[in-house]
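Mind the numbering: the sequence shown is residues -12 to 877 in our numbering, read in order. Every residue gets a Cβ at the ideal spot worked out from N, C-alpha and C, and that includes glycine. Computed from a prediction, not measured in an experiment: that's the story for all the values here. To keep things clear, I will list the structure first and then write my remarks on it.
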Amino acid sequence: MSLNTLKETLKRCTTPNFSSSLSQTLISEGSSPLVPIQRKPPKSSLSQQIQRLQDPLLLPIGRQCEKIETLEEVVVEDEVGRKGEDDGGHGDGDGDGDGDGGIPMFRFRDRREPVSSSSHFDATGPFEPLILSSPGEAPVVQVPASINCRLLEHQRKGVRFLYDLYKDNHGGVLGDDMGLGKTIQTIAFLAAVIGNDVETSAFKMSKADDLNKKGPVLVVCPTSVIHNWEDEFSKWGNLSVAVYHGSNRDLVLERLGVHDIQVLITSFDTFRIHGSILSGVDWEIVIVDEAHRLKNEKSKLYQACVEIKTRKRFGLTGTIMQNKIMELFNLFDWVAPGSLGTREHFREFYDEPLKHGQRSSAPERFVQVAEKRKLHLVSVLESYLLRRTKEETIGHLMMGKEDNVVFCAMSELQKRVYGRMLQLPDIQCLINKELPCSCGSPLTQVECCKRTVPDGVIWRYLHRDNPDGCDSCPFCLVLPCLVKLQQISNHLELIKPNPKDDLEKQRKDAEFASAVFGSDIGLVGGNSQNESFMGLSEVEHCGKMRALERLLLSWVSYGDKVLLFSYSVRMLDILEKFLIRKGCSFSRLDGSTPSSSRQPLVDDFNSSPSKQVFLISTRAGGLGLNLISANRVVIFDPNWNPAQDLQAQDRSFRYGQKRRVIVFRLLAAGSLEELVYSRQVYKQQLSNIAVSGKMEKRYFEGVQDCKEYQGELFGICNLFRDLSDKLFTSEIIELNEKCERQSGHGVDKREDRSIIGKTILSKSEIVETDGMDISHKNNPLLQDLGIVYAHRNEDILNYGPTLQQKRHITASETDTVKPQSRPSGKRKADEASRTGVKEVSSIKKQKKTQYTLLAQFMGMEEIEFSKWLLSASQVEREKVLRDYKKEKEK
């Protein structure tokens, strides 16, 4: 018996994967292997996610029944006859239907043994250098073979992009999604430009002469990833690297002076303080990691970076724009000064038209101008920006991500406390600031008698040393009041005194707690911090924890691993007691966790099957953590900055993840958190429009930084609006769908859009929701969990494809000052890509037509049919599909 035969005999018996076995068979027969079809995993609704709670005996513990295709996907894909398009969910390649016209099938697998979707993909290339320089150019610039063989194809393109900018004596931004290897691409680029790896002695001599003329490289990054950069340089490059941080700064400067260092790594804080010293060095290249930190031109960090003399400035960031379009100007004016014109020109020509064109009731001419300016901006940014997403690059290597936004009902006690908070004198002063003063003066209240709030609990504490108030009164109350409202939305224990605070603040917090708890103070154990383990871990008075309790039970029983994020350390303390009470094995990381202990915690969680939950502070765990063993992510409290929540999600959804990641953002329905999420959507839409040229639905009437159009999003009155009996987010989405339906029938939609922000539907007025929302009235299962409604974030954002392939800048745009162009010249349009966009658009139209036909077969409108799909059982859906096909065959 041969050795190979013996090995095969001793192998454990497993159920073979059809596609893998077929591929291996073809290889063994000498044929070329099948090229795998890139597909996206099926999308599931929230009700499907928790349906297994009602069927505990459906599967044994540790196994899951995953639905491969839903009715809507089967109908559309079956009629069109294609797979792998961007619309809807699709099979994951492990099997299709059973041959009976696409009736959904189920697949079983052990969730404690993750199955990789990329087992048949080879992430390494040939062992040969990557030539960056042009043919005949001397010396030859190349990425060493030892590095190139480990790069993915999109990373090689990123290295070429950086080198093209460098060769043209310009900077730029590598704006890939988080987790696509921006650090590795940068190191590969540096290894080619200043590295020590050479192939021939002749090249070595020319390279050495060239190095004597070049200065060192400066890398500025967050403190939390300094050691990550150092480790990556040691793994990938052969460069002399030093860290300018801590007590060894003087020694590092001495080495830098004698040219003993090729790469210097420092932190943002260190560079902000010692920037004048470092700016005196003649740097060859400057690289800023997490370059969105340069968004504020008035910050000391930005001003320090501007002093750097080199023109070869490179920014690395996955979130190019976070809050405002003007952040784009600040970033690109640093990497390529003058590329976007002057600040005022950018504001007038790009910022204002794009914001007002996105307004829900904007006139058609505003929308058209915004469309032209958007295309023009994207064409300019293309020369300095390379932006790729996971779906475009490694989507075929991953199982996909689903981002669910879950609106949890606050407990009755939370609602009463929230209402009392809005009635406090501090907030009432802000709400009524523009009303006429009651003293008979022609001035408003904020200009007359109500500028100060002596009877306010929060105001008295803030001005304990200044009874006459401050120059910004009463607007100094806005931030403290917002913090209190967010605490009430998350957990009532958070508004009680913190023993770690000073005694005066504890007395203030106790007085505030007594005021908002009122007659319910006995239900929460008084106005002092609850020391009872059972009291803190109880979910009765916390709407989010009630929903989390049932969801967590489902995930743990099926072998899922969970990341649980919160920005509040006190909230993490409460959740920790909750997990202990539920018997969950967990790890925890927050700001108090030493840097030396963080990576061991991550490694232990990734390798240990017994670890079920990882508690993480959003602030401490935003960068540098790779937690790919988790496939469920819960964001307990939203952040005003959408990038914070996206970074939290990408701790799990990154290269190497072998399971589908499902995200749950928990929001308190009817609270300030709904407005926080709406502003997140607004900011992300502006980012998609300005950076990628995407089409986005126009949901909101409000315009950022415009007092005339504050709409439903901006202004103090919106911040402190009582939404306890409203469906704020659901109403905005439904009104948008209604306007689009009317516009399709020739009705002017501006009349209906104009009421957004003025009228909010109450819960009693909304009986059903559309295809994106899930109403608790139609879903008893969700009602039992305390979930009001939910939708997928990807259904709200990314409404249309990127328009980079459709840019046609007309002669009418010559009224603008032409921004400075890169010396490299013009880029030719890619005709093949344009053709692909048209094909995708054609496929989408066909899918839409087939979906309409199915709705007509049911005798329903499309929206009504979508609602029916949400409430129908699986058996009912399959029956409709079979009847439709039989009718069509006739």
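What residues match up with residue i in a beta bridge as DSSP calls it?
{"i": "P122", "result": "None; P122 has no bridge partner."}
{"i": "T253", "result": "V207, Y231"}
{"i": "Q129", "result": "I118"}
{"i": "D276", "result": "L303"}
{"i": "Y776", "result": "F394"}
{"i": "F573", "result": "V600"}
{"i": "F552", "result": "I603, I622"}
{"i": "R652", "result": "V392, I622"}
{"i": "L161", "result": "L303, L373"}
{"i": "T431", "result": "P423"}
As a quick exercise: from the options, pick the residue whose alpha carbon is nearest that of residue i.
{"i": "D151", "options": "E140, D577, Q129", "result": "Q129"}
{"i": "R236", "options": "F220, T257, L226", "result": "T257"}
{"i": "V621", "options": "D458, E389, C292, R360", "result": "E389"}
{"i": "K684", "options": "G387, S555, A349", "result": "A349"}
{"i": "R374", "options": "E335, K144, I418, V322", "result": "K144"}
{"i": "P126", "options": "D155, V180, M845, I134", "result": "V180"}
{"i": "Y664", "options": "L550, N780, N675, A617", "result": "N780"}
{"i": "L281", "options": "R352, P209, S266, I264", "result": "P209"}
{"i": "G698", "options": "F552, Q345, N225, R869", "result": "Q345"}
{"i": "Q644", "options": "N317, G382, S584", "result": "G382"}
{"i": "L315", "options": "D338, N135, D624, N628", "result": "D338"}
{"i": "F573", "options": "N593, G530, R864", "result": "N593"}
{"i": "S506", "options": "I561, L400, S428", "result": "L400"}
{"i": "A396", "options": "I615, N453, T380, D712", "result": "D712"}
{"i": "Q636", "options": "Q770, V648, Q432", "result": "V648"}
{"i": "R403", "options": "V503, Q473, L430", "result": "V503"}
{"i": "L722", "options": "I850, I676, S616, T836", "result": "I850"}
{"i": "D276", "options": "Y405, S120, T173, G427", "result": "T173"}
{"i": "P441", "options": "P454, I260, Y838", "result": "P454"}
{"i": "D632", "options": "T306, P596, H332, S459", "result": "T306"}
Give the C-beta separation of residue i and residue j to the nearest angstrom, bearing in mind that I take them to be a contact with Cβ-Cβ under 8 angstroms.
{"i": "W216", "j": "T170", "result": "7 angstroms"}
{"i": "T297", "j": "I274", "result": "Incorrect: roughly 11 angstroms between the Cβ atoms, too far for contact."}
{"i": "Q691", "j": "K311", "result": "7 angstroms"}
{"i": "L893", "j": "V668", "result": "With the chain running from -12 to 877 in the structure shown, residue 893 is simply not present."}
{"i": "L372", "j": "G158", "result": "The pair is not a contact, with the Cβ atoms about 11 angstroms apart (cut-off 8 angstroms)."}
{"i": "R646", "j": "V549", "result": "Not a contact, Cβ separation roughly 12 angstroms."}
{"i": "V293", "j": "L327", "result": "Actually they do not touch by this definition, with Cβ atoms about 15 angstroms apart."}
{"i": "L566", "j": "V600", "result": "6 angstroms"}
{"i": "L602", "j": "R638", "result": "Rounded, the Cβ-Cβ distance is 13 angstroms, inconsistent with contact."}
{"i": "R652", "j": "W627", "result": "Contact doesn't hold; Cβ gap of about 14 angstroms is too wide."}
{"i": "C426", "j": "C435", "result": "6 angstroms"}
Would you call the CB atoms of residue i and residue j closer than 8 angstroms?
{"i": "E518", "j": "V526", "result": "no"}
{"i": "K569", "j": "L539", "result": "yes"}
{"i": "L710", "j": "G657", "result": "yes"}
{"i": "V880", "j": "G182", "result": "Here the chain covers residues -12 to 877 and nothing more, so residue 880 does not appear."}
{"i": "F687", "j": "S347", "result": "yes"}
{"i": "V146", "j": "H778", "result": "no"}
{"i": "T605", "j": "Y554", "result": "yes"}
{"i": "A255", "j": "V322", "result": "Sequence inspection shows Phe at residue 255; the Ala mentioned does not correspond to that position. No, these two residues do not count as a Cβ contact at 8 angstroms."}
{"i": "Q355", "j": "A630", "result": "no"}
{"i": "V775", "j": "F394", "result": "yes"}
{"i": "L384", "j": "L673", "result": "no"}
{"i": "D413", "j": "G456", "result": "no"}
{"i": "A497", "j": "N514", "result": "yes"}
{"i": "F552", "j": "F499", "result": "no"}
{"i": "V228", "j": "I213", "result": "no"}
{"i": "L205", "j": "L303", "result": "no"}
{"i": "Q410", "j": "N419", "result": "no"}
{"i": "Y696", "j": "G689", "result": "yes"}
Open item on the list: Is it the case that the segment 645 to 665 contacts the segment 476 to 495, given that we only count it when at least three CB pairs across the two stretches are under 8 angstroms?
Closed with: In the pairwise beta carbon analysis, the segment 476 to 495 is classified as touching the segment 645 to 665: at least three pairs are separated by under 8 angstroms.
Open item on the list: Counting beta carbon pairs with one atom in the segment 505 to 522 and one in the segment 460 to 476, are three or more of them shorter than 8 angstroms?
Closed with: Contact between the segment 460 to 476 and the segment 505 to 522 is absent, because fewer than three Cβ pairs lie under 8 angstroms.
Open item on the list: I'd like to know if the segment 283 to 293 and the segment 237 to 246 are in contact, where contact means that at least 3 CB-CB pairs between them fall below 8 angstroms.
Closed with: With the cut-off at 8 angstroms, the segment 283 to 293 and the segment 237 to 246 do not touch.
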